[in-house]
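Below is one structure, written out as structure tokens; the observations come after it.
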Amino acid sequence: MESALSAPDRLSALQAAFDALGEPAAILSAEGAIVAVNCAWIEASIANGEWDESACTGRPYTLACQFADGPGPERQSEVGAGLGEVLRGLAQSFDLAYAARSSRGETPWLLQLRRLPGDAPGALAVHRRQGAVPATNGGDQRDDIFDDMADRAPVLIWVSDAQGRASWFNQRWLESSGGTLTTEIAADWQERIHPEDRGRCRERLAVAMARRAECAREYRLRGAARDHRWIQERAKPLYHKDQTFAGYIGSCTDITEIKLVEENLQRHRDHLNRQLHFAGTLNRMTQAITGLDSSRGILDALARILGEALAIERCLIVEVSLARRLALRCAEWRSAGCPPSGHAEGDLNIDSFPETLRHLWEMRAALESHADHPNPRFASEGSATLLHERQGIRSLLWYPFGFRADGFSLFMLDHFSAHRAWNTDERHFLEAVANQVNLALQKIRILAARAEAEEALRRSLQMEAMSRLAGGVANDFNNQLTAISGHAGLLRDGLAENDPLRRNVDAIRTASERASTTTRQLLAFSRSQITRPADVDPATLLDDLARTLRPLLGEDVALVIAAEPGPGMRADARQLESALVNVAINAREAMPTGGTLRIATSTATLDRDTAQRHGVAPGAFVCIQVADTGVGMDQATLASVFEPYFSTKQPGGAGLGLSSAHGQVTAMGGFITLVSCPGRGTTVSIWLPSAGLETMEKTGRRPTALLPISSGGSETVLVVEDEPAVLDLVRDTLRHAGYNVLGAQHAQEAERLAAQHRGDIHLLLTDVAMPKTTGTALASQLAATRPTMRIIFMSGYAADAFAVGRELGTAGFLAKPFTIDELMRAVRVALDVVTG
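With numbering that gives the first Met the number 0 applied, the sequence shown has no gaps in its numbers, which climb one by one up to 835 at the end.
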């Protein structure tokens, strides 16, 4: 130390260091009674089991010290004599070595008695373990014990005057600050208090000084290593002998380790409380979303629970579509104090966040940003201004989850009123929430897909039943039309040119042709119409179709054709054109005041799941889209749009337009999808298998020219038809042309006639569907005994054409209903092949 304590402050310094001294000590009055003891004395007394804290003072020292690790009764005469000399001023000090006896054994000690400094009556008694250096009895050493005690105290001690200026520091303080007593007194040591604690500490000390009261403070104090240590300080007022205020003395204990332990414990408590809170929230969330059967309901509940659990002011859940460059707002929750939104509700354009969204997509990590410290990614792309200034968001956290092939979901957590940070526990909670909601949404998607599949199966079975019914009706009707049309043709051929009955016959034939159109539509719907698939160039098809559609659409409907160059498709060009015309006419009806009809093509590869959902084989497909700007349709209308004779038109406008188109496309190995919304138009997409085009120039093939109608022949023809009207027509027509005709209504009769006929049977003309057996079975049986016999099958079903082609590849096929000319041409072609 550079100087000792002044006499007026020496007793006060001793009082401050007294409790911090680690050895038993007591202050004695002029009469030798204990005035005060330190903590070590009390602990020693309690350890010996004789005194409690309240009984340590007021007792004669010679009686009490023997129970406080002091000399035993046999040494009390020595202690009394030495103490008397010190108290009377005959000696400045007295030392006595002794052995303290207790239940633990004997311990060597040294008793040191010293007069109090200055004119203060009384003495100080200190009990040191043996080995401590005793003070001499010299007068110059009288005050050293007090200075030594202050310096050895394991606390920082300071003394100030009545004006609050520092006047002394102990050695422990100087070691902590790295200064000297001179520099510390000259400086304002309170400037070393942490800036966050300084104002509070100065104010508290000023209040205490004004009241002359004790002052207790906790603060962080900068040390010699420039680090801050937590200090617990207790300052007491000092008074002169005349009881005037002299200043303060303070003892400071380093409680940094205690603070660290407390902070660590508090962190653990906070962590545990958050975990319990979040666990309860997850449990409530599970209960809230259990039973919800819609993703919107789940996300609404999730946004509310998430916002309340994290104590934020707004929670948004959005679906990010990278392909559409949109973020679809799925759910939103706002606290009572959240300011109103300054932007329109609905879809959010994400073009302002290219770098941010790319980072979220690639890294699968959360992004946090604050108005006073914007996230570098937001700042680099210029979106920080949009978020923090225009929308007024002070803090935000974007947490991505639910990643898909074309996008991901996003929690957008916003705080407007103050800076807000999100800790690790909260981020882990978000991860658990994301996992839980992913499972819930996946379950809903599975249930929705199952319901969709069940509904698709139900509608498929319904359409299949309707298809079979329509096919059966059309087949029966074809037989009747064949008879009506054929007999009308025979009747017309027998009338003179100027015969007035020819007009009536022509009317019959016209009505028959119109009815045939209806049967063809029914067959198309039932997928029983004959298809002749070939490679079709979409661009060429649409160019030809445009010339047909423009007169049908009218001047108030603009037609736009956009055919992409690409591969062709495998289709029956005539039926595909018919289907497109039906779709276009429906679109025209949906635009009563005009609009735009756009027909475009594109290509796509369907994966297994998508193809299976539409009942086709996976692979490359060509899509023809027909989009209108009409009135659109609601969901109830969309559910029935492909049913036959369903229509949204006024009575009298019903028909088979879309239902026949559906059947035609399905029969060609494709499928139709339809998207519509009231007020936003309708888009019909026709998907057909892709195929490489083989032009006639590449293959060298040319279309076969139609043969002229033959005048007849003399060959023998076996006609088998279960419908009497058709049988009569065919038999009479062929006989009229000179053929030898054998007629049978079923297979058994045909076999009998063939067995009885001794000459050649040049041609078998048989219906496919007959009672008891089929025409193909009959043909196979007769061909075994008559190998040169040619065969022609008759039917109204496209499936029959494929069946006979597989079983008897050389057979011909005549589709019902047919005209007399078609019948005669088919017979002559088959017979010419035989005889040619």
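We put the CB at the ideal spot given by N, CA and C, even for glycine.
query: Whole-number beta carbon distance between residue 830 and residue 761, since they are thought to touch under 8 Å; result: 6 Å
query: Rounded separation between residue 193 and residue 166 - CA only; result: 22 Å
query: The stretch 367-374 contacting the stretch 385-401, beta-carbon criterion three pairs below 8 Å; result: yes
query: Limits of the unbroken alpha helix (DSSP H) element including residue 738; result: It is not in any alpha helix (DSSP H) - residue 738 carries neither H nor E in the DSSP assignment.
query: Under the three-state DSSP convention, the category residue 352 falls into; result: coil
query: Start-to-end residues for the alpha helix (DSSP H) that takes in residue 550; result: 537-552
query: Residue 851 burial status per 10 Å Cβ neighbour count (16 or more: buried); result: Since the first residue of the chain shown is 0 and the last is 835, residue 851 is not available in this structure.
query: Stretch-stretch touch, CB-based, cutoff 8 Å, three pairs: the stretch 242-252 with the stretch 274-284; result: no
query: Under the three-state DSSP convention, the category residue 235 falls into; result: strand
query: Neighbour-count burial assignment, residue 826, 16 or more Cβ in a 10 Å radius; result: buried
query: Given residue 96 as reference, the closest of 71, 216 and 786 once Cα atoms are compared; result: 71
query: Cβ neighbour criterion (16 or more within 10 Å) applied to residue 526; result: Caution applies to residue 526, whose pLDDT of 48 falls short of 50 and renders its modelled position unreliable; the model cannot decide the point.
query: Check whether residue 836 and residue 563 have beta carbons under 9 Å apart; result: Nothing about residue 836 can be read from this structure; the chain reaches only from 0 to 835.
query: Inter-stretch contact (C-beta, 8 Å, three-pair minimum) for the stretch 586-595 and the stretch 544-564; result: yes
query: Per-residue DSSP class, three states only, for residue 211; result: coil
query: In chain order, each beta strand (DSSP E) run of at least 3 residues that lies wholly inside the stretch 245-322; result: 313-320
query: Any beta strand (DSSP E) of 3 or more consecutive residues that is wholly inside the stretch 370-434; result: 394-403 and 406-414
query: Proximity of residue 764 and residue 719 at Cβ, strictly below 9 Å; result: yes
query: For residue 352, the nearest candidate out of 311, 331, 329 and 386 (CA to CA); result: 386
query: Whole-angstrom distance between residue 573 and residue 612, CA atom to CA atom; result: 27 Å
query: One or two residues paired with residue 60 in a DSSP bridge; result: DSSP lists no partner for residue 60.
query: Exposure of residue 747, with buried meaning 16 or more beta-carbon neighbours within 10 Å; result: exposed
query: Sequence-distant residues of its chain with Cβ nearer than 8 Å to residue 723 (five each side left out); result: 744
query: Burial state of residue 820 (16 or more Cβ within 10 Å); result: exposed
query: Which listed residue (43, 673, 669 and 679) has its alpha carbon closest to that of residue 690; result: 669
query: Straight-line Cα distance separating residue 579 from residue 596; result: 12 Å
query: Exposure of residue 779, with buried meaning 16 or more beta-carbon neighbours within 10 Å; result: exposed
query: Touching by the beta-carbon criterion (3+ pairs, under 8 Å), the stretch 84-95 and the stretch 104-112; result: yes
query: Which of helix, strand or coil DSSP assigns to residue 486; result: helix
query: Whole-angstrom distance between residue 672 and residue 371, CA atom to CA atom; result: 52 Å
query: For residue 690, the first and last residue of its enclosing beta strand (DSSP E); result: 681-690
query: Exposure of residue 511, with buried meaning 16 or more beta-carbon neighbours within 10 Å; result: buried
query: Other residues of its chain near residue 322: CB distance less than 6 Å, five sequence neighbours each side excluded; result: 405
query: Distance, residue 713 Cα to residue 739 Cα; result: 6 Å
query: Residue 94, DSSP secondary structure in three states; result: strand
query: Burial state of residue 823, where buried means 16 or more other Cβ atoms lie within 10 Å; result: buried
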